[in-house]
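There are 2 protein chains.
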Amino acid sequence: MPTGTGSRRVTIHDVARAAGVSRQTVSRALNDKGEIDDSTKQRVLEAARTLGYRPSRFARGLVRQDTISVGLVIPDLLNPFFTEVAAAALEAARARGWHVLVYDTADSAQEELGTLQVIASQVDAVVGYFSRSESEIEQWTRGLPVVLIDRGEDAERFSSIRIDGRDGVRAAVSHLAQAGHRRIGMLDHAARTEPSVRHAWFADALTACGLGDGPVCRAEQSVRGGEEALELLLGRHPDVTAVFAFNDVIAIGALRAARRTGRQVPRDLAVIGFDGVTLGTLVEPPLSSVALDIRRLGALAVEQAARLLTGDSPLGPDDLVARAELRLRESA
Amino acid sequence: MPTGTGSRRVTIHDVARAAGVSRQTVSRALNDKGEIDDSTKQRVLEAARTLGYRPSRFARGLVRQDTISVGLVIPDLLNPFFTEVAAAALEAARARGWHVLVYDTADSAQEELGTLQVIASQVDAVVGYFSRSESEIEQWTRGLPVVLIDRGEDAERFSSIRIDGRDGVRAAVSHLAQAGHRRIGMLDHAARTEPSVRHAWFADALTACGLGDGPVCRAEQSVRGGEEALELLLGRHPDVTAVFAFNDVIAIGALRAARRTGRQVPRDLAVIGFDGVTLGTLVEPPLSSVALDIRRLGALAVEQAARLLTGDSPLGPDDLVARAELRLRESA
DNA sequence: AACGTTCCCGTGAACGCTCACGGACGGAAG
DNA sequence: CTTCCGTCCGTGAGCGTTCACGGGAACGTT
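Which chain is which? The protein sequence lines are F and S, in order. Per the numbering used here, residue 1 is the first one in the first sequence, and the count goes up by one each step. Per the numbering used here, residue 333 is the first one in the second sequence, and the count goes up by one each step.
(1) Along chain S, which residues have their Cβ under 8 angstroms away from the Cβ of Ile335(F)?
(2) Is the Cβ of Ala87(F) closer than 8 angstroms to any Cβ of chain S?
(3) Can you list the residues of chain S that Ala59(F) reaches, using a CB-CB cut of under 8 angstroms?
(4) Check the Cβ of Glu330(F) against every Cβ in chain S and list those closer than 9 angstroms, keeping chain order.
(5) Between which two residues does the alpha helix (DSSP H) harbouring Val26(F) extend?
(6) Could you tell me whether the Cβ of Asp398(S) comes closer than 8 angstroms to any Cβ of chain F?
(7) Beta strand (DSSP E) containing His189(F): first to last residue?
(8) Does DSSP put Val243(F) in a helix, a strand or coil?
(9) When the distance is taken between beta carbons, is Val572(S) closer than 8 angstroms to Arg655(S)?
(10) Around the Cβ of Ala381(S), are there at least 16 other Cβ atoms within 10 angstroms (buried) or fewer (exposed)?
(11) When the distance is taken between beta carbons, is Thr357(S) closer than 8 angstroms to Thr343(S)?
(12) Exposed or buried, what is Asp154(F) when buried is set at 16 or more other beta-carbons lying within 10 Å of its beta-carbon?
(13) According to a CB-to-CB cut-off of less than 9 angstroms, which residues of the region 411 to 442 of chain S neighbour chain F?
(14) Keeping to the same chain, check which residues put their C-beta closer than 7 angstroms to that of Phe462(S); ignore five residues upstream and five downstream.
(15) Classify Glu227(F) as helix, strand or coil using the three-state DSSP reduction.
(16) For a test of the three-state rule: what should DSSP assign to Val197(F), helix, strand or coil?
(17) I think Phe414(S) touches Asp580(S), with their Cβ atoms under 8 angstroms apart; what is that distance to the nearest whole Å?
(18) Give me the chain F residues within the contact set of Gln454(S), using Cβ-Cβ distance strictly less than 8 angstroms, ordered along the chain.
(19) Just checking: is the beta-carbon of Gly475(S) within a distance shorter than 8 angstroms of some beta-carbon in chain F?
(20) Where do the ends of the alpha helix (DSSP H) carrying Ala47(F) lie?
(21) Name, please, each residue of chain F whose Cβ falls closer than 7 angstroms to the Cβ of Gly384(S).
(22) Can you name the residues of chain F whose CB is closer than 7 angstroms to the CB of Ile584(S)?
(23) Compute the beta-carbon to beta-carbon distance between His99(F) and Leu433(S), rounded to the nearest angstrom, for a pair I have assumed lies under 8 angstroms.
(24) Grab me the residues of Pro2(F)'s own chain with a C-beta within less than 8 angstroms of its C-beta, minus the 5 sequence neighbours each way, in chain order.
(25) Within 10 angstroms of its Cβ, does Asn79(F) collect 16 or more other Cβ (buried), or is it exposed?
(26) Could you tell me which uninterrupted alpha helix (DSSP H) segments, each at least 4 residues in length, are contained entirely in the region 561 to 647 of chain S, listed from first to last along the chain?
(27) Measuring straight from C-alpha to C-alpha, what distance separates Pro215(F) and His199(F)?
(28) What residues in the region 212 to 238 of chain F bring their beta carbon closer than 9 angstroms to a beta carbon of chain S?
(29) Is Leu409(S) close to chain F? Criterion is C-beta to C-beta, closer than 8 angstroms.
(30) Compare the C-alpha of Ser56(F) against each of Arg474(S), Ala637(S), Ala590(S) and name the closest.
(31) On the DSSP letters alone, give me the boundaries of the alpha helix (DSSP H) that Val173(F) sits inside.
(32) Evaluate Ala120(F) with the Cβ neighbour count: other Cβ atoms within 10 Å of its Cβ, from every protein chain shown; 16 or more gives buried, anything less gives exposed.
(33) What are the uninterrupted segments assigned as alpha helix (DSSP H) that are 4 or more residues long and contained completely in the region 384 to 416 of chain S, given in chain order?
(34) Give the single residue among Glu657(S), Leu640(S), Val575(S), Ile626(S) whose Cα lies nearest to the Cα of Ser663(S).
(35) Shortest alpha-carbon distance to Ala205(F) belongs to which of Gly185(F), Gln221(F), Arg224(F)?
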């Protein structure tokens with residue numbers, strides 16, 4: 001068993017010497033591409049096996065530039081929305097024969113910087129979520145194709161898959177209004193300092209429906225965060241009878257908190273989330289949501305990365321849109 | 333904007349020429365390691381920027397063999413258990429500064445073979461789930477460190493993180509027996525032809541508790557699969573009052589099917605799963621489960637990969653165990 | 001004036017592999 | 001016998017980067 005603890009790496013040269021042939025013949029044997037006698041091929045393969053030879057991916061990649069790998073950057077793989085985005089991107093990448101390096105930045109700007117610093121030297125393109133400034137991203141990616149996802153309004157230098165939930169949120173609020181709700185609150189994202197884009201859609205929808213502006217609470221990006229935020233919101237505004245959440249995870253937290261405090265959903269409190277994750281079908285009651293086509297979202301991001309990579313006809317901002325539409329279940 | 337559609341790649345040489353210096357000086361500027369005048373450094377950096385230069389990861393990797401990357405092979409990232417395993421492995425790998433290539437084999441033996449064929453040339457070690465035979469795995473990995481997870485009893489050539497749920501399942505069945513259940517069924521894994529190891533634990537536990545053997549139904553690895561399997565099981569064996577499921581996903585399906593058919597959980601039907609995924613806390617009622625420490629599981633796999641990689645003191649089979657223990661919530 | 005230092009910078013070599021070529025050999029065709 | 005072709009194999013070059021070394025210029029020291 002050749003383990004090669006500290007010793008030199010086994011190269012194609014060693015195999016050649018052991019088999020009594022040249023490097024090229026070894027290469028022929030391993031990549032089975034003809035021009036080689038079958039007996040010598042077996043001999044080479046045998047030598048390679050006993051020596052424990054394994055070609056260097058770097059040397060190989062250096063000479064034939066065929067394999068493409070893309071970096072996928074995700075804030076939190078355990079957040080079911082990002083799980084689904086990752087799965088979608090993985091699927092799209094596999095269809096292209098790409099390799100995918102996944103980086104979970106743990107919702108931390110620090111970790112994000114860390115990945116930014118190492119990712120450029122490992123991949124041919126980058127896809128995913130970033131919270132840092134575009135100039136900071138550019139500084140580390142340096143001309144590498146980058147596709148951002150859901151980068152709000154400030155995606156200028158990079159391609160970004162824009163998420164357009166305006167109509168969907170409008171439909172959601174409108175549905176709530178028609179159900180008789182007059183005081184609708186929102187559980188917004190907590191990380192950013194300013195209100196989110198989704199909140200802007202929410203506010204617009206409220207005025208469009210002729211409702212006064214709704215109270216808002218910031219929620220951590222977790223079920224727990226949603227629970228806490230809902231209690232806070234309801235504590236401060238007991239007249240609220242419906243809530244719209246920044247995303248489904250938070251909405252599910254709200255659902256749970258509502259039931260735990262004796263409210264019945266949707267009778268006492270209606271809840272609508274955003275994203276449309278599968279998890280929403282498993283909770284009680286099933287969660288209504290302004291839903292995205294997440295598989296398409298991931299596929300779109302990879303598609304654009306591919307176009308940027310080859311250089312031909314990248315999609316324009318108008319094509320890089322994922323629209324969300326209201327998917328009614330039972331929570332509202 | 334130098335996009336370089338079909339043209340030659342921009343090399344360090346081009347930058348050197350443009351800046352009027354040597355390759356080495358360019359290298360010094362880019363990896364900022366002193367021995368360079370600040371003004372020339374700026375000049376080089378400027379040249380690199382305008383040329384759109386980006387060092388080749390292959391050339392760099394060839395000469396300084398520092399970056400390590402590991403392949404993580406998962407049957408289905410959307411299955412919450414594997415999501416958590418992946419997240420755990422990602423975290424452990426990041427702590428080591430490793431890069432992780434993720435492959436989702438889509439529960440398909442064909443896709444698994446496909447990854448097997450390409451993965452060896454891309455990573456320094458492989459961690460994850462495989463259904464194919466060890467010889468087949470070995471054929472493609474060729475001496476690459478491989479760490480299998482939950483490979484049942486037949487892990488001989490490779491390191492495998494064994495999942496030991498014997499005591500946990502025993503505790504689960506025992507708990508059900510003490511609650512008065514006499515007829516306990518199981519929803520087993522459907523893919524394999526023979527009954528799973530978990531079923532063996534279940535059967536042993538039944539006899540240990542003095543109960544006759546329980547009826548079994550095979551379930552697809554999904555919530556839907558669990559629903560269908562439970563209906564089948566209950567249709568065939570109406571006297572069953574409790575079920576143990578191969579895993580939590582299936583158990584959640586069972587939970588839903590039970591409630592949908594008017595049964596109350598756990599009063600009319602008790603349900604216990606396996607794995608202990610977080611999702612179990614979100615369903616109604618919260619799922620009891622024979623729970624694994626999934627983060628430790630992932631960390632252990634990566635740890636062993638690291639040891640195999642450096643060659644020193646790999647963990648033995650006795651250390652490569654993840655024990656599962658009963659975690660009671662409300663479904664039983 | 002000779003010498004040692006410090007600061008920059010450049011030159012060969014090496015990393016491990018594949019590609020493009022060319023050559024040796026044997027047998028079939030002329 | 002010559003010519004040709006097909007089969008098999010080896011040699012040089014090159015992929016793009018970093019490492020180890022060496023050297024020149026400028027400055028200060030004795």
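The beta-carbon is built from N, C-alpha and C at its ideal position, and this holds for glycine as well.
Reading off the structure:
(1) Look at the range of chain F in this structure, 1 to 332, and you will see that residue 335(F) is not part of it.
(2) yes
(3) Phe390, Leu394
(4) Simply none; closest approach about 12 angstroms.
(5) 23 to 30
(6) no
(7) 184 to 189
(8) strand
(9) no
(10) Residue 381(S) is actually Arg in this sequence, not Ala. With fewer than 16 Cβ atoms within 10 Å of its Cβ, Arg381(S) is classed as exposed.
(11) no
(12) exposed
(13) Pro412, Thr415, Glu416, Ala418, Ala419, Leu422, Glu423, Arg426, Gly429, His431, Val432, Leu433, Val434, Tyr435, Asp436, Ala438
(14) Val405, Glu444, Ile469, Leu480
(15) helix
(16) helix
(17) The pair is not a contact, with the Cβ atoms about 12 angstroms apart (cut-off 8 angstroms).
(18) Arg57, Thr67, Ser69, His99
(19) yes
(20) 38 to 51
(21) Gly143
(22) Leu282
(23) 5 angstroms
(24) Residue confidence is low: Pro2(F) scores 41 on pLDDT, short of 50, so the model does not pin down where it sits. No coordinate-derived value is stated.
(25) buried
(26) 580 to 592, 626 to 642
(27) 11 angstroms
(28) Val223
(29) yes
(30) Arg474(S)
(31) 166 to 178
(32) buried
(33) 389 to 395
(34) Val575(S)
(35) Gly185(F)
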